[in-house]
Amino acid sequence: MVKTTVVTALTCAASLAAIGTPLAAQSAAQPPAALSSPDNHIAVTVSQTDGRLTYAIARDGKPVLLKSELGLQLAGADLTDDLTLLATSTPHAVEDHYQMAVGKRKDITYRANEQTWSLQNKKQQKIDIVFRVSNDGVAFRYIVADTSLPLKKLVQEHTTFALPGGAKAWLQPMAVAQTGWSNTNPSYEEHYQMEIAAGTKAPTEAGWVFPALFKTGANWVAISEANMDGSWQASRLAQDSTGGIYSIGNPMAAEVYTNGGLMAETEGTLTSPWRIIALGPLATVTNSTLGTDLAAPAVPFDAARVKPGHASWSWGILKDDATVYDVQKKFIDYAADMKWDYTLIDADWDRKIGYDKVKQLADYAATKNIGLLLWYNSSGDWNKTEYTPKSQLLTHAQRVKEFKRLSEMGVKGVKIDFFGGDGQSMIAYYIDILRDAADAGLLVNFHGATLPRGWNRTWPNLMTMEAVRGFEFTSFEQADEDKMPSHAAMLPFARNLFDPMDFTPVVFGDIPKIKRASSNGFELATSVLYLSGIQHFVEIPEGMATVPDYVKTFMQNLPRSWDDSRLVDGYPGKYAVIARRAGDTWYIAGINGDATDKTLTLDLSFIGNKQGVIITDGDGTRSFSQRSIAAGKKVAVTIKPHGGFVIQL
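Numbering-wise, the sequence shown is residues -24 to -1, 1 to 625 according to mature numbering (1 follows the signal peptide of the UniProt record, and there is no 0).
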């Protein structure tokens, strides 16, 4: 689903810079000028002080990041201090056009200006640092190609992000490795700490997850990474950020594939992921696609198999006892009635249903144009989970055998759960699974997992990933449900900012043993608000039967993918209103994370004079109302406490 990448290099030397070749460009003695975005609003200044390289970022002359450090510490090579600037490349334009089946928009153009700084230490060991500046942010990465270092083993990355005084932060703590149920974690499933002072220490030594969101002055800043190819560990922000200076943190020792490596190590060229800093007004950051812009282009995959869609799913409400033949057949019928695309059969299907009967279900589903998805346990011995199938995907040979069997059964995809963290070897395990699944033509959904970091561009068969404190937590604990509306209003600005998210939204009926905190209008809105290649709706047939026909029709006809998206209004953790377009039709969804009414005046002038309907809350939390609406230029909407709405124009 991705077009060929096009890079426009203004000079031959600049092209070489992108792969780390030393350049004979500007004199090392000449202070480099700021590298600006194409629209000249963002400027990055790279400078050298006492042998150390730093960078600073400003937007419209206002500081966004103060002087922040750069550099890598490798075994046997200190590339952070006593550095001499050898050359800087001539700034050149980079342009990339690609398509996405899953995400904010289908057709994407990325434009940036790029420049490379080439340095060496006193041992004449060399490093290149490549910067790109686009209209929505900054990205940079490290390249160490020096052949005098045959083994390049990362000890510590020394990148920092220095926020100006008074900055605020919206951050999710990273869970300590193996502290979860049955020694699971980290899985990016904690509650956010919202609008805290920048520099607040993380609650544990594990640090803070990406994306990390900040506000400094009029500018918002989202920090993340992209282009993870399995050669580097997934990073985070370290626990200590005294003075608002955040640094790159590492996975904990336990976060590895059995006997695998923790940190990046190679005998070839060592290339870091891109460090991404989206910045600007909240709309600019929320609309940004930097997370996929900086990811590697797509591997070959049959475009006919890239089928985003909606799925029925029994486990969310009915849990383990529902994983039996008759119930799953009922959920296939339910998906067909809802005009959805898939049914997901969750854990222990191999023991409770069996391969032969699942093949019968797949055949039955095919007669109704429903694809079957099956759950797997990723785990070897890194946790104590017992759900099955387990330990069947650990090696390439196992995966080829199992995926071939699934393809022959007519299964369309797999949900793989309970990963062990962010170490280099565990990230490589994800990549190996994606590659083997792609070869078998299978779609993939990772759960109990890390953040995707742009993988859905590189791997078109990756439909979604969890990496969120989603619905299942609210079905376990009332305290989670009580926090859910505010948490839900945080997600479009952080976790779901760049990457697909399997929150498993939408419940209109009861949650067993839980008092729902959200209204039905809120739940309906999340069907549009959240981005997921396969959206697994948690509502069961009995709950769907309680809604008006117009709500059921809305859920039946909801688009599977989006041509465009934009933030209309919002504030992280408080409320979110996002517009998404499919073809000529716009869908605007809004939720209120607060416990009081919220009246908004929405600027929908970008839509034109379209007519349509708004579905919102009725008199009670379980009721709906519908009325006609015209876009015009300004539309007033009042959202009830923990309520929501959708507009279709």
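Cβ coordinates follow ideal geometry from the N, Cα and C atoms, glycine included. Predicted model, so just to flag it, every value in this text is computed and none were measured.
Alpha-carbon to alpha-carbon, residue j and residue i
i, j, result
"residue 281", "residue 575", "43 Å"
"residue 230", "residue 578", "48 Å"
"residue 428", "residue 441", "7 Å"
"residue 330", "residue 418", "20 Å"
"residue 457", "residue 500", "16 Å"
"residue 520", "residue 170", "34 Å"
"residue 320", "residue 356", "23 Å"
"residue 431", "residue 580", "32 Å"
"residue 175", "residue 216", "7 Å"
"residue 133", "residue 188", "18 Å"
"residue 340", "residue 543", "41 Å"
"residue 299", "residue 121", "52 Å"
"residue 446", "residue 378", "29 Å"
"residue 386", "residue 42", "55 Å"
"residue 619", "residue 307", "28 Å"
"residue 572", "residue 234", "50 Å"
"residue -1", "residue 67", "Low confidence applies here, because residue -1 scores a pLDDT of 35, under 50, leaving its location unreliable; read the following figure in that light. The alpha-carbon atoms of residue -1 and residue 67 are separated by roughly 13 Å."
"residue 607", "residue 568", "21 Å"
"residue 526", "residue 211", "45 Å"
"residue 451", "residue 61", "56 Å"
"residue 259", "residue 198", "12 Å"
"residue 541", "residue 463", "21 Å"
"residue 586", "residue 555", "14 Å"
"residue 605", "residue 614", "14 Å"
"residue 365", "residue 15", "52 Å"
"residue 434", "residue 124", "32 Å"
Residue interval of the alpha helix (DSSP H) (run including residue i)
i, result
"residue 168", "Per DSSP, residue 168 belongs to no alpha helix (DSSP H) and is neither H nor E."
"residue 517", "517 to 520"
"residue 375", "372 to 385"
"residue 158", "Here residue 158 belongs to no alpha helix (DSSP H), and DSSP marks it neither H nor E."
"residue 461", "454 to 466"
"residue 432", "431 to 434"
"residue 402", "400 to 415"
"residue 497", "496 to 505"
"residue 448", "447 to 450"
"residue 301", "301 to 313"
"residue 358", "Careful: residue 358 lies outside any alpha helix (DSSP H) and carries neither H nor E."
"residue 218", "Premise fails: residue 218 is in no alpha helix (DSSP H) and is neither H nor E."
"residue 320", "Counting along the chain, residue 320 falls outside any alpha helix (DSSP H), though it belongs to the beta strand (DSSP E) covering 318 to 321."
"residue 328", "325 to 328"
Exposure label - residue i; buried when at least 16 CB within 10 Å
i, result
"residue 376", "exposed"
"residue 276", "exposed"
"residue 494", "buried"
"residue 238", "buried"
"residue 327", "exposed"
"residue 582", "exposed"
"residue 286", "buried"
"residue 103", "buried"
"residue 94", "buried"
"residue 157", "exposed"
"residue -3", "In this predicted model, residue -3 has a pLDDT of only 35, less than 50, meaning its place in the structure is not dependable; the value taken from the coordinates is given anyway. The residue is buried, with at least 16 neighbouring Cβ atoms inside 10 Å."
"residue 117", "buried"
Pair within 8 Å by beta-carbon distance, residue i and residue j
i, j, result
"residue 196", "residue 261", "yes"
"residue 461", "residue 513", "no"
"residue 634", "residue 477", "Past the boundaries of the shown model lies residue 634; the chain is included only from -24 to 625, so the question cannot be answered."
"residue 588", "residue 532", "no"
"residue 420", "residue 284", "no"
"residue 316", "residue 354", "no"
"residue 225", "residue 240", "no"
"residue 18", "residue 382", "no"
"residue 538", "residue 81", "yes"
"residue 245", "residue 409", "no"
"residue 190", "residue 200", "no"
"residue 390", "residue 350", "yes"
Beta-carbon separation (whole angstroms), residue i vs residue j, contact threshold 8 Å
i, j, result
"residue 91", "residue 65", "6 Å"
"residue 221", "residue 151", "Actually they do not touch by this definition, with Cβ atoms about 24 Å apart."
"residue 33", "residue 253", "7 Å"
For residue i, the first and last residue of its enclosing beta strand (DSSP E)
i, result
"residue 257", "No beta strand (DSSP E) contains residue 257, which DSSP labels as neither H nor E."
"residue 72", "68 to 75"
"residue 287", "285 to 289"
"residue 421", "419 to 422"
"residue 137", "136 to 138"
"residue 353", "347 to 353"
"residue 203", "Element bounds for residue 203: n/a, residue is neither H nor E."
"residue 620", "620 to 624"
"residue 341", "Looking at the DSSP string, residue 341 is not in any beta strand (DSSP E); the run it does join, the alpha helix (DSSP H), is 331 to 343."
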